[in-house]
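Under numbering that gives the first Met the number 0, the sequence shown has 13 at position 14, and the numbering climbs by one with no breaks.
Contents: one structure, followed by commentary.
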Amino acid sequence: MGLFNEVVKGFVNGFVAGVTENGSVSQSPRGVAAIERLCRELGWSVDERVGDHGIILHFRDPLVNIRKVLVTCGESVASISTFSAATLSSSQVPQEVLGYLLIRNNELTTAAWRASASDDGNAGFALAYCALIGGMNAATFKYICETQ
C-alpha cells in the first residue's frame, strides 16, 4: 500500500479530534446512549453495533440499495460517516483524487471527505461530519443522517 496508505494515515491522524497520548480515539458509551435516545425519538432502530462506542444505521438508497451511516461517539462529539460504494486499488488512486478531496472539503460547510486504505489493498471513501452531542436534537440528527 506504501505511499498512499501513509498519506491517508497522516490525514486521518491529523483530522481525528480527541486522540489520546497512545494514539487511540477516546470513546464513550454515554455518547452512544444519547444517540440511541435520538434514534428512539425518530422511530429508528439500530441496525448494527460497533463495540460499545458506535452504531450503524441503514437507509434505503436507490443507487446502492442500503446506505450505511456509522455513528461513533466520544464524550461530547459524535462522528457521523457515510461510506461511498466506490473503491479503488490503493496503488491505482491518482494523486489528483486526494487533491480533489481537499479542494472539495474546502467547499463543503458541514462535512468532509476522507479516504482510507483497507487491509485488502483497496482505498475507500467516506463523507464524515462531527457534531456536538449535547447540542443535537432529533430533527438535527435526522437532517445530518439523511442528507449525507
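From the three backbone atoms N, C-alpha and C, an ideal C-beta is built for every residue, glycine too.
(request) Using three-state DSSP, classify Asn121 as helix, strand or coil. (result) strand
(request) Can you give me the Cβ contacts of Asn21 inside the same chain, cut-off strictly under 7 angstroms, excluding the 5 residues immediately before and after it? (result) At Asn21, the pLDDT of 39 sits below 50, so the modelled position is not reliable; the number obtained from the coordinates is stated separately. Closer than 7 angstroms at the Cβ level, and outside the excluded window around Asn21, lies no residue.
(message) Taking only three categories from DSSP, how would you classify Gly96?
(response) According to the sequence shown, residue 96 is Val rather than Gly. DSSP places Val96 in helix when its eight states are reduced to three.
(message) Going by DSSP, what residue range makes up the beta strand (DSSP E) through Ala116?
(response) Ala111 to Ala116
(message) Among the candidates Gly53, Asp119 and Gly50, whose CA atom is the shortest distance from the CA of Ser206?
(response) Nothing in the structure corresponds to residue 206, since the chain is present only between 0 and 147.
(message) Does the structure place the region 85-104 close enough to the region 67-77 that three or more beta carbon pairs sit under 8 angstroms?
(response) no
(message) Excluding the 5 residues flanking Asp60 on each side, which residues of the same chain have their C-beta closer than 8 angstroms to its C-beta?
(response) Arg66
(request) Tell me whether Leu101 is buried or exposed, calling it buried when 16 or more other Cβ atoms sit within 10 Å of its Cβ. (result) exposed
(message) Can you check which of these residues, Asn121, Glu106, Asn105 and Leu69, is closest to Phe143 by C-alpha distance?
(response) Looking at the sequence shown, residue 143 is not Phe but Ile. Of the listed residues, the one whose Cα sits closest to Ile143 is Leu69.
(message) Can you confirm whether the region 108-117 touches the region 43-57 when touching is taken to mean that 3 or more C-beta pairs between the two stretches lie within less than 8 angstroms?
(response) no
(request) Compute the Euclidean distance between the alpha carbons of Tyr128 and Cys72, then round it to the nearest angstrom. (result) 12 angstroms
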